[in-house]
Ligand code: ADP
Ligand code: MG
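Residue numbers (my numbering): -5 to 735.
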């Protein structure tokens, strides 16, 4: 989207005209530059094209290895492409009114493939006819009769000449063709011609986007070669190099930009430097009922070093559920308090804030410090009282939710901010709190030190991208007394056995969570479902035990009451229809039973499981699901298929308790956007790089950015002027610098 006023530019291109130009514009292509940047999303490439016969062999072989460790790699495999002729195409009627359109494909190999359309059969019958040559891309399955079946593949009708080009060894671009483009007659082939007509005359006027010195050092192809080959590759090796360059370049600029931004904050913002000596934390250390783990101590040293500086700490503490992040945060708080500063601790939900409030109070009150809790819906009188306590500095620690960055709150020398579950807050919310902190100093607008925490451990390369502007500390080691939680998928036929097991656990003094997924759309129905589940469990299944209920329609303080009662062992079983919030700590609970577990997301399951195994006893997580899930595992490969994804989630839970592994699988299933709230985190949409899979390029780009900045921290070298210019564009949300001059 370079220039809206230029929308006439395209219509004069050979093969375009006003109608097609309008369709291109509707598809987001306004200018020649846009077309030049419209890189293919795939290629018809000899290496990814398979014969039908070879494909069938491939799938047969994979069936055998599936039970081994290659499970994930085969399940998560990428799609395949075949080029074939439509041999037969017919609409068939099943039963009374079920229609299907079936295409039989043949190529020169002895096997055949089948495509089935269950929806819009008549429509597709008009589009695809015997004799057409098609390129089919998708994730195939082998049926019982040895036919390759494609479900909802991507199909493109191609010309004879495409096969010709392909047999000459040409790699053909596949562009995304939108509905509007199709309607205006911009087919794949027409698009290829349009790109050709624009690209070749413009090629010479495309400006280089990286300094010559970097191109030389990294041995990259120059931009003209890159643009030309990404559209029409000369050969596959050069195509690889060009793809590498665009990904590298994108990640390199991003790394440069965040590193520079970080530098700017470091030199322009001043934080209160705090002495590492803290009498109170020494006292607490002596009193702790347990020994801190090595990792906890290491993180504490890192934090202490950070806050001793007059540049603001911005550190991320990653640690799995139950790894003991809170106590680390408490030590950090004590250091700040001993230095005369106030501390804010922000949590994403009220119940979680409540839990933290109690934990913090328990450790801090005996030392003579005051903690108060700021959540939504406080009585006016109480709130006024709290606000006074905060502004006068009587409150040493303020724990709360979003309510904490409302503009009517006046903090008093707020020197340390702790944010729990960072990814659940937006960039602007964090900024608001920093502003309040700055106003809380009467002599100078100090920036607070910030400790961010997250229980979603993610791979290092991803951290470097998503949280590239933060220093990262990781707690990998769990407290010593923990036994790994045993996890099992359970089916209805095991129900009695499972209930008996639960009864034994309760008799030996332990407590149980039973969680139901939230399925009801309306509040009223949810309440009804919650009550029914509870009735069944408390009066029919476990009448001899005391049961409590917690659900989404309760006020936060009612939830809190239920949780506290459970903690005080007033209940043996806590039935929960709302997801029990992360962070609730009941060490005596030893079984987490999750009903309809296939409905939960993987990280949700992992978080729920983290509610048990918090004490020294063996704990269990039981994932109940429907019996037919047992049989699905072998049949289908397509992770787009929700049932298959559900199986992968349940399997993963059984196979590992390691949060890093869990999140790796989750990232593959869902992508980073959902999991890390990357939109909120301000991460750009990368056009070329895949932040999950391009790990080596990410490392390479990061190291190289570091090298450039260590040689030329301000990018003052004239050779680096271009870098500076492009970084500025990057802040202006430009994510491709390729442009026709
Ligand atoms: P999370 O990292 O999920 O926030 P918490 O900080 O809530 O974990 O810690 C979980 C439990 O483990 C708490 O009850 C805490 O007191 C306890 N704990 C923390 N550190 C240790 C340790 N080093 N040894 C034993 N127990 C610990
Ligand atoms: Mg926690």
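Glycine residues also receive a C-beta, built at the ideal position from the N, C-alpha and C atoms.
These numbers were taken from a predicted model, which means no experiment stands behind them.
{"Item": "Three-way DSSP call (helix, strand, coil) for residue 11 in this model", "Value": "helix"}
{"Item": "Cβ shell of residue 591 (< 7 Å), same chain only, five flanking positions each side left out", "Value": "599, 617, 618, 619 and 644"}
{"Item": "Where residue 622 falls, given that 16 or more other Cβ within 10 Å makes a residue buried", "Value": "exposed"}
{"Item": "Nearest-angstrom Cα separation, counted from residue 734 out to residue 715", "Value": "19 Å"}
{"Item": "Contact test: residue 317 Cβ vs the ligand ADP heavy atom, cutoff 7 Å", "Value": "yes"}
{"Item": "Sequence ranges, alpha helix (DSSP H) only - wholly within the region 108 to 140, length at least 4", "Value": "115 to 121"}
{"Item": "Cβ contact check for the region 518 to 532 and the region 684 to 701: 3 or more pairs under 8 Å", "Value": "no"}
{"Item": "Three or more C-beta pairs below 8 Å linking the region 190 to 197 and the region 6 to 17", "Value": "yes"}
{"Item": "Chain-order list of residues whose beta-carbon lies under 7 Å from that of residue 13 (same chain, five-residue window excluded)", "Value": "178"}
{"Item": "heavy atom of the ligand ADP below 7 Å from residue 608 C-beta", "Value": "yes"}
{"Item": "Interface flag, residue 255 vs chain C, CB-CB below 8 Å", "Value": "Of the protein chains in this structure there is only one, and it is not chain C."}
{"Item": "Other residues of its chain near residue 272: CB distance less than 7 Å, five sequence neighbours each side excluded", "Value": "328, 329 and 332"}
{"Item": "Heavy atom of the ligand MG within 7 Å of residue 517 beta-carbon", "Value": "no"}
{"Item": "Boundaries (first-last residue) of the beta strand (DSSP E) holding residue 93", "Value": "92 to 100"}
{"Item": "Where residue 84 sits in the DSSP three-state scheme", "Value": "strand"}
{"Item": "Complete alpha helix (DSSP H) runs within the region 267 to 325 (minimum length 4 residues, chain order)", "Value": "273 to 281 and 288 to 301"}
{"Item": "Contact test: residue 28 Cβ vs the ligand MG heavy atom, cutoff 7 Å", "Value": "no"}
{"Item": "Identity of the residue in 478, 254 and 437 nearest residue 264 by Cα", "Value": "437"}
{"Item": "6 Å Cβ shell around residue 568 - same chain, five flanking residues per side excluded", "Value": "507, 542 and 560"}
{"Item": "Inter-residue Cα distance where the pair is residue 369 and residue 394", "Value": "5 Å"}
{"Item": "Contact check, residue 241 vs residue 215, beta carbons under 8 Å", "Value": "no"}
{"Item": "Cα-Cα separation between residue 30 and residue 721, rounded to whole angstroms", "Value": "21 Å"}
{"Item": "Proximity winner among 107, 318 and 120, relative to residue 286 (alpha-carbon distances)", "Value": "318"}
{"Item": "Any non-hydrogen atom of the ligand ADP closer than 7 Å to residue 285 Cβ", "Value": "yes"}
{"Item": "Residue 684, DSSP secondary structure in three states", "Value": "coil"}
{"Item": "Collapsed DSSP secondary structure at residue 733 in the structure displayed", "Value": "coil"}
{"Item": "For residue 48 and residue 78, the rounded distance between their alpha carbons", "Value": "13 Å"}
{"Item": "Residue 449: CB within 7 Å of a non-hydrogen atom of the ligand MG", "Value": "yes"}
{"Item": "Backbone secondary structure at residue 719 - three-state DSSP", "Value": "helix"}
{"Item": "The region 418 to 436 touching the region 287 to 296, judged by at least three CB pairs closer than 8 Å", "Value": "no"}
{"Item": "For residue 661 and residue 88, the rounded distance between their alpha carbons", "Value": "40 Å"}
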